[in-house]
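Just so you know, we're using my numbering here: the sequence shown kicks off at 7 and counts up by one.
We treat Cβ as the ideally placed atom computed from N, Cα and C, and that holds for glycine.
These numbers were taken from a predicted model, which means no experiment stands behind them.
The next block holds one structure in the form of structure tokens; read it before the comments.
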Amino acid sequence: PHTLRYGSVKDNVHDLRVCLSSGEWLAAKPYAVIDSQFGGLLQAHPSIQTLWGLIQNQAELIRAKQPLVSKNSCGYNLFALADGWRRGVCDLPRLFIGSEGTLGVMSEARLQLVLRPKASATGLVHFRRLEDVGDAVAELVGLHPSALEVMDGNTLNLIGRPEHGIPTEAAATLLVELDEDDDPRRIQETADRMAAICRRYRLAAEPVLAYEREQRDALWKARKALYPTLYRYDAKKKPINYVDDVVVRAERIGELIRYLEEIFGSRQVPVAIFGHIGNGNAHVVPLLDVNDRGDFAKMVETYHAIYETVLTRFHGSICGEHGDGRVRAEFVRRMFGDELYDLFMRVKRGFDPTGVLNPGVKLSDTPFTEHIDYTRLSKSCATCAKCNSVCPVYDVFQSEDMSSRGWYEIVTAKDYSYLESKRVVEACLNCKSCRTICPAGVDVSDLILQKRAEHPNRLAGWIFRVQAHTAVFELLLKLAARTQWIWDRPLIRGVMEVVTRPMLKMLAPSARLPWDLVLPRLAPRRLRERHPELTQPVSTGSKPRVAYFHGCAANYFDDGVGDAVIDVLKAHGIEPELPPQRCSGTPIETYGHVELAKEGARFNLKSLESYDIVVTGCASCTLMLKDYTKFFTEGHDKQAAESLAKRVKHLSEVVVDKARASGSPASTVGKKRVTYHSSCHLRAAGVTKEPRQVLADLPGVTLVEMQDADRCAGGAGTYLVKDYETSCAIFERKRRAIQESGAEVVATSCPACMIQLKNGLRGQAEVKHVAQLLQEAYAAGSRGPAESA
């Protein structure tokens, strides 16, 4: 969206390394025609000699056919080569960029980078009339904005006006991004000028201006919510990109949008129209069920009608930046005419005489409907691969069958077989990173858990059933805790690894208990035994009743986290209760025992129903308590789960609320450089800012945001036992990021992540729960907050 100021990709590429269809490598860069290097290039590559001859002989034709719009990615970019010929330059990167792999395969690119602006501002403007947007933009371009983004009224309706504070009278919303490279103080003056220009038109609300990053991101929230909303709009009607990238002259974009609204409105097709209004580029995304005959007919009809209108009425381009692919290939000839299309074909044959490079793409007469993948379009996944970019397993294996997207295809295939797919299905950590990033809200890990539930793990089932018998389980843990000083030694641990290996293979073929794995210390006295007074109901009068759902780790581990959470709550005037509770269910569900997880969920729902607030200190518990709604579809359990989801708060959320109301009791305990590891399940639960905020507010703490703070550390509860080698490989990226941050302390909000961090860092940095850092700071404070719970 920032091409207005910085240009598109083709404007910022210095050179490319390209593999031609012959297997030869080409250094594609701008060559001066009089340079001897260029002469050598022509001799070495006949395809380029043919190309250059065409450019010289047909320069007038090429220039005559050039689209008179701000951007175009339709056809081959012979226009840039013809312009270069007049200047004595053969700009080869311009040819290959946008050729979509039909002329060669690019393996390397050298890019031009620019410094980030010293200051930026974002403006959000709601217009009452669509036509006014185009007129306003004509004036705003004089301010040299980096982005001008528009969303029409239909789009605003689809994403939900109330959720994003959009006035009902708004016919269109404009986002304006302004940058200042020289004097940061000028940014407010420029933003004020922008607002003044917009006020000359009929607005549905006063323009909103933001300068700080967080506030600016908030203004972009509606625009970024667009695709997730479209994918969730209807179970069958999906966003179909077949006329998605048209371009007209910028001053006619309002007229184009009105035409698009009319053509889809007359056919009763929901459509989102948005895009880069500053350069006349509209993204058009209708919602259709291509498996429905009526919708299919509407798609074919509007495809031809819209592209024909863009070319004949608007004199624009059918494709601004997304490429022709197979969808627009059949219309390339219509856009440029037979003569130029013939030149495109000659260029294609020159570089790819046998037609092996992406056949059927960009140049083809085959109707676009022949390429529709009806099965894929009936699924919720758009195969965009955003999930792969955050999948920790894919990060290690770099293989599609070991990735979120690959797993989705595997588990939703008609011929799915657990026995044939077990290796890859069992590789998922259930970290929920795919769910967090997916525009369509697809939770691949949940689909995998459903398949695991068809074949629950036997060993895990035995362990969970023992755990359900609390007295027996806790007796065994106490025995293990009191003897840990004996058995948790290298020699004995080595024997344990060998002895337990056959049994752990029932968990997974790779499962083992490595002798050098740093295990958490088990608590001789459980958290509930250390705080027996909190296990009884407390009379709070008019104050809210607050439950601390401690979960398994804080109760059974001697890591100090549970005690820290209690101390922090008390420091804020909250007297928490420790109601009876079972495991939240995350590990139980992970190993396929859904009914057992539901049994525990029912117990917890009943135990927690009388509390106003349920505080957690564990990321996985936070998410699972909020997710109990997925277990129940109706009745009292469903209502109880929905109620609980609204009452669950992570400790950091409680602290932020209390500190805002009454200040913080924290005092400095010395200067510390702290970095924060963002636990996967806490991010999935929507808690990201609060832990960082409470850390940043601690006296003496310098919070340093590490690279990859939001990436999975690879522990995932028992995954480090299930597949220790992969777990360690995943952690390596996190270890490097922590090391590069220079932090003395790594803070996190999850006891399970603490195990992985301590094992992986081995003392390179101190590992602490956010609650423990708060506890230390509060203990050093000379006062307590005046505000009560």
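- Query: In whole angstroms, what is the alpha-carbon distance linking K798 and D633?
  - Reply: Not covered by the structure: residue 798. The range shown for the chain is 7 to 795.
- Among D158, E782, L650 and M512, nearest to H461 - alpha-carbon criterion: For the purposes of this step, residue 461 is taken as the residue at position 455 of the sequence shown. For H461, the closest of D158, E782, L650 and M512 by C-alpha to C-alpha distance is M512.
- Message: What would DSSP say about G790, mapped onto helix, strand or coil?
- Response: As a working note, residue 790 is residue 784 in the sequence shown. Confidence is the limiting factor: at G790 the pLDDT is only 44, short of 50, which leaves the residue's position unreliable, though a coordinate-based value still follows. Reduced to three states, the DSSP call for G790 is coil.
- Message: When you compare the region 766-776 with the region 738-757, are there three or more beta-carbon pairs, one atom per stretch, that lie closer than 8 Å?
- Response: yes
- Task: Starting from the Cα of V707, find the closest Cα among A783, D187 and F320 and give me that residue.
- Result: Residue numbering aside, residue 707 sits at position 701 when the sequence shown is read from its first letter. For V707, the closest of A783, D187 and F320 by C-alpha to C-alpha distance is A783.
- Item | Residue burial classification, D522 (beta-carbon count within 10 angstroms, cutoff 16) | Counted from its first residue, the sequence shown places residue 522 at position 516. Classification for D522: exposed.
- Query: Okay, do the region 723-734 and the region 750-766 touch, 3+ Cβ pairs below 8 Å being the bar?
  - Reply: yes
- So, using beta-carbon positions, are A797 and P697 closer together than 9 Å? Nothing can be reported for residue 797: it is not among the residues displayed for the chain, which extend from 7 to 795.
- Query: How many Å lie between A651 and M630 at the Cα?
  - Reply: As a first step, residue 651 is located in the sequence shown; it is residue number 645 there, counting from the start. As a first step, residue 630 is located in the sequence shown; it is residue number 624 there, counting from the start. Distance between the alpha carbons of A651 and M630 is about 9 Å.
- Task: Within its chain, find whatever has a CB closer than 7 Å to the CB of S113; leave out the 5 residues flanking it on each side and keep chain order.
- Result: Within the sequence shown, numbered from 1, the residue matching residue 113 stands at position 107. Here the set comprises R23 and C25.
- Task: Have a look at F357, V353 and H321 and flag the residue whose alpha-carbon is nearest the alpha-carbon of R340.
- Result: On the sequence shown, residue 340 is found 334 positions in, with the first residue counted as 1. Closest by alpha carbon: H321.
- Query: What's the gap between the Cα of L481 and the Cα of T596?
  - Reply: Indexing the sequence shown from 1 puts residue 481 at position 475. Indexing the sequence shown from 1 puts residue 596 at position 590. Here the alpha carbon of L481 sits roughly 25 Å from the alpha carbon of T596.
- Message: Let me confirm a value: Q49 is counted as buried when at least 16 other C-beta atoms fall within 10 Å, else exposed. Which label applies?
- Response: Against the sequence shown, residue 49 aligns to sequence position 43. Burial call: exposed.
- Item | Beta-carbon proximity check, I61 vs A88, cutoff 9 Å | Here residue 61 is taken as the residue at index 55 of the sequence shown, counted from 1. Here residue 88 is taken as the residue at index 82 of the sequence shown, counted from 1. Yes; because the gap between Cβ atoms is below 9 Å, this pair is in contact.
- Message: Please tell me whether A570 and V675 are closer than 9 Å, where the distance is taken between their beta carbons.
- Response: The sequence position of residue 570 within the sequence shown is 564, counting from 1. The sequence position of residue 675 within the sequence shown is 669, counting from 1. With contacts defined by Cβ atoms closer than 9 Å, A570 and V675 do not form a contacting pair.
- Item | Which listed residue (V450, P582 and A743) has its alpha carbon closest to that of V680 | Translated into the one-based positions of the sequence shown, residue 680 becomes position 674. Comparing Cα positions, the closest option is A743.
- Taking buried to mean at least 16 other C-beta atoms within 10 Å of its own C-beta, is P445 buried or exposed? Reading the sequence shown from its first residue, position 439 is the one you call residue 445. The residue in question, P445, is buried, as its Cβ has 16 or more Cβ neighbours within 10 Å.
- Item | Nearest to S105 (by Cα), restricted to the options G720, L369, D295 and E218 | Taking the first residue of the sequence shown as position 1, residue 105 is located at position 99. Among G720, L369, D295 and E218, the Cα nearest to that of S105 belongs to L369.
- Query: Just the Cα atoms here: how many angstroms apart are A419 and P73?
  - Reply: Residue mapping note: residue 419 aligns to position 413 of the sequence shown, counting from 1. Residue mapping note: residue 73 aligns to position 67 of the sequence shown, counting from 1. C-alpha separation (whole angstroms): 43 Å.
- Message: Tell me the residue span of the beta strand (DSSP E) that contains V156.
- Response: By one-based count along the sequence shown, residue 156 stands at place 150. Start and end: A153 to D158.
- Item | Simplified DSSP assignment, three categories, for I103 | Numbered from its first residue, the sequence shown carries residue 103 at position 97. I103 falls in the coil class under three-state DSSP.
- Item | Neighbourhood of A391 by C-beta distance below 7 Å, restricted to the same chain and skipping five residues each side | Along the sequence shown, read from residue 1 onward, the residue named residue 391 stands at position 385. R411.
- Query: Would you report the Cα separation of L232 and N285, rounded to the nearest angstrom?
  - Reply: What you label residue 232 is simply residue 226 of the sequence shown in a count that begins at 1. What you label residue 285 is simply residue 279 of the sequence shown in a count that begins at 1. Going from the Cα of L232 to the Cα of N285 covers about 20 Å.
- Under three-state DSSP, which class holds T708? As a working note, residue 708 is residue 702 in the sequence shown. Strand at T708.
- Classify K227 as buried or exposed, calling it buried when 16 or more other Cβ atoms lie within 10 Å of its own Cβ. Against the sequence shown, residue 227 aligns to sequence position 221. The residue is exposed, with fewer than 16 neighbouring Cβ atoms inside 10 Å.
- Query: How about D138 and G260: are their beta carbons less than 9 Å apart?
  - Reply: Counted from its first residue, the sequence shown places residue 138 at position 132. Counted from its first residue, the sequence shown places residue 260 at position 254. The answer is yes: Cβ separation under 9 Å.
- Task: Could you tell me whether the Cβ atoms of I68 and L84 are closer together than 9 Å?
- Result: If you number the sequence shown from 1, residue 68 lands on position 62. If you number the sequence shown from 1, residue 84 lands on position 78. In this structure, L84 lies closer than 9 Å to I68 by Cβ.
- Simplified DSSP assignment, three categories, for V290: Within the sequence shown, the letter at position 284 stands for residue 290. Correct three-state label for V290: strand.
- Message: Distance check for T108 and S27, CA to CA, integer angstroms please.
- Response: As a working note, residue 27 is residue 21 in the sequence shown. As a working note, residue 108 is residue 102 in the sequence shown. Cα-Cα distance, rounded: 9 Å.
- Segment limits, beta strand (DSSP E) that includes H282: Against the sequence shown, residue 282 aligns to sequence position 276. Looking at the DSSP string, the run of the beta strand (DSSP E) that includes H282 is V277 to H282.
- What residues are listed by DSSP as bridge partners for K678? For the purposes of this step, residue 678 is taken as residue 672 along the sequence shown, with counting starting at 1. Its beta-bridge partners are V707.
- Item | Cutoff 6 Å; reference C325; Cβ partners in own chain excluding five residues on either side | To locate residue 325, count along the sequence shown from 1; it is residue 319. Answer for C325: S79, C80, D251 and R334, listed in chain order.
- By how many angstroms is the C-alpha of A197 removed from the C-alpha of L154? For the purposes of this step, residue 154 is identified with residue 148 of the sequence shown, where counting begins at 1. For the purposes of this step, residue 197 is identified with residue 191 of the sequence shown, where counting begins at 1. Between L154 and A197, the C-alpha separation is close to 13 Å.
- Smallest Cα separation from C440: which of D716, D187 and Q274? Along the sequence shown, one-based indexing puts residue 440 at 434. Per the Cα distances, D716.
- Task: May I have the straight-line CA-CA distance separating L780 from G568, to the nearest angstrom?
- Result: Mapped onto the sequence shown, residue 780 falls at position 774. Mapped onto the sequence shown, residue 568 falls at position 562. Answer to the nearest angstrom: the Cα atoms are 13 Å apart.
- Quick one: measure Cβ to Cβ for I312 and D158, integer angstroms, because I've assumed they're closer than 8 Å. As a first step, residue 312 is located in the sequence shown; it is residue number 306 there, counting from the start. As a first step, residue 158 is located in the sequence shown; it is residue number 152 there, counting from the start. Not quite, the Cβ-Cβ distance comes to about 15 Å (not below 8 Å), so this is no contact.
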